[in-house]
Amino acid sequence: FTLSARMPAAVESEEFYVDYQPIVRLSDGELIGVEALVRWAHPEFGRLGPDQFIGLAEETGLIVPLGRWVLREATKQARRWHDAYGDRAPMVSVNLAARQTEEPTLVADVATIIKAANVPPSTIQLELTESAIMNTTGGPLRTLRDLADLGIRIAIDDFGTGYSNLAYLRHLPVHAIKLAGSFMEGLRDSPTADPADAQIVTTLVALSHALGHVVIAEGVEDPEQADRLREFGCDNAQGWLFAKPGRPEEIERWLEK
Ligand code: G
Ligand code: G
Ligand code: MN
Ligand code: NA
């Protein structure tokens, strides 16, 4: 209760901030993008992770203004990186909660934010889970087309963990598929690794490529997992093996090395 009571004021007073986690190309380790991840510097409770307040924000509807703030912050950061690094600037990938896709003004809000930041739309990607896509007010096809028409990219987050209607998903203008970190357990060089995970990952990579989507693996923690993903033809990866989420300066150090 105390958390949700403070949240509106916290959005106003900028107690929230955004960390960025590198997304790298598996073939050569090149930084191709970053995922924006919100944090809360709470005056009493210290640093809070999204697991501690995103659920609450969804229940109270505060995710709508908070999500808008995160997108605005991340697009401003994308603009700074574009000014400093040009074509080498990383794509910035931002999570959209299911509650946000229910907002009738979603597309207009995104358009306003992208225009105000004056950033090339193709450097912004929105991550939506399967359920966020299916719950869209105005229909998934219409909404995703309207978003894609802005020139931004759409990624399906945690792919393979929701209820996917594959026959339906294939008609949506999606650029990338993010494979949930839970599938990476089975790619470890360990006797307890479940071989079914490797089968699922191989199949999802093949399916995504057949549909013309880029594949990003999440939660990659060790070199064996990265090796297996390369073997399976997975394009990009994100995880502690490469870097933890960090401040924009850490991304800049990465770009300058
Ligand atoms: O950074 P961390 O691993 O703690 O993130 C936990 C969860 O919070 C992830 O599932 C991530 O998608 C979600 N999350 C992080 N930032 C945002 C955000 O800005 N908006 C939404 N909707 N979810 C976020
Ligand atoms: O949006 P999504 O649910 O994919 O959010 C990614 C979350 O996963 C972030 O909260 C991030 O901190 C976390 N994360 C990133 N890399 C790793 C990793 O290698 N292992 C684990 N366990 N979590 C990770
Ligand atoms: Mn995500
Ligand atoms: Na994910």
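Residue numbers (the UniProt record's numbering): 441 to 697. All C-beta atoms, glycine included, are put in the ideal place defined by N, C-alpha and C.
- Task: Starting from the Cα of residue 535, find the closest Cα among 472, 565 and 497 and give me that residue.
- Result: Its Cα nearest to that of residue 535, the residue 565 stands out among 472, 565 and 497.
Q) Can you tell which of 551, 453, 616 and 498 has the C-alpha that lies nearest to the C-alpha of residue 515? A) Nearest option by C-alpha distance: 551.
Please indicate yes or no: does the CB of residue 499 lie closer than 7 Å to some heavy atom of ligand 3?
-> Relative to the non-hydrogen atoms of ligand 3, the Cβ of residue 499 never comes closer than 7 Å to any of them.
(Q) Could you give the first and the last residue of the continuous alpha helix (DSSP H) run that contains residue 444? (A) In the DSSP assignment, residue 444 falls within the alpha helix (DSSP H) that extends over 442 to 452.
Requested in this report: Please look up how many angstroms separate the CB atoms of residue 540 and residue 579, rounded, as I've assumed it's under 8 Å.
Outcome: About 16 Å separates the Cβ atoms of residue 540 and residue 579, ruling out a contact at the 8 Å cut-off.
Original post:
At a cut of 8 Å, does the region 667 to 686 reach the region 639 to 658 through at least three beta carbon pairs?
Top reply: Three or more pairs of CB atoms, one per stretch, sit closer than 8 Å, so the region 667 to 686 contacts the region 639 to 658.
(Q) For a test of the three-state rule: what should DSSP assign to residue 681, helix, strand or coil? (A) Looking at residue 681 - three-state DSSP - the assignment turns out to be coil, as it is neither helix nor strand.
Query - Beta-carbon proximity check, residue 685 vs residue 477, cutoff 8 Å - result: In this structure, residue 685 places its C-beta atom within 8 Å of the C-beta atom of residue 477.
Exercise. If you drop the 5 nearest sequence neighbours on each side, which residues of the same chain put their C-beta closer than 8 Å to that of residue 458?
Worked result: If we look at residue 458 and ignore the five residues flanking it on each side, its Cβ neighbours are 476, 477, 478, 479, 510, 513, 514 and 517.
Tell me whether residue 599 sits in a helix, a strand or coil according to DSSP, three-state version. If DSSP states are grouped into helix, strand and coil, residue 599 belongs with the strands.
For residue 442 and residue 449, what's the separation of their Cα atoms in angstroms?
Distance from the CA atom of residue 442 to the CA atom of residue 449, rounded to whole angstroms, is 12 Å.
*asked:* Quick check: the Cα distance between residue 467 and residue 445, rounded to an integer number of angstroms?
replied: If you take the alpha carbons of residue 467 and residue 445, they lie about 47 Å apart.
Pairwise C-alpha distance: residue 526 and residue 602
Rounded to the nearest angstrom, the two C-alpha atoms are 36 Å apart.
Open item on the list: Check for me: the beta strand (DSSP E) holding residue 557 runs from which residue to which?
Closed with: That residue, residue 557, is in no beta strand (DSSP E); its alpha helix (DSSP H) goes 546 to 557.
Taking DSSP as the reference, what is the three-state secondary structure of residue 573? Residue state, collapsed to three classes: helix.
* Asked: Got a sec: does ligand 3 put a non-hydrogen atom nearer than 7 Å to the Cβ of residue 513?
  -> For ligand 3, not one heavy atom lies less than 7 Å from the Cβ of residue 513.
- prompt: Alpha carbon to alpha carbon, what distance is there between residue 605 and residue 697?
  reply: Between the alpha carbons of residue 697 and residue 605 lies a distance of about 43 Å.
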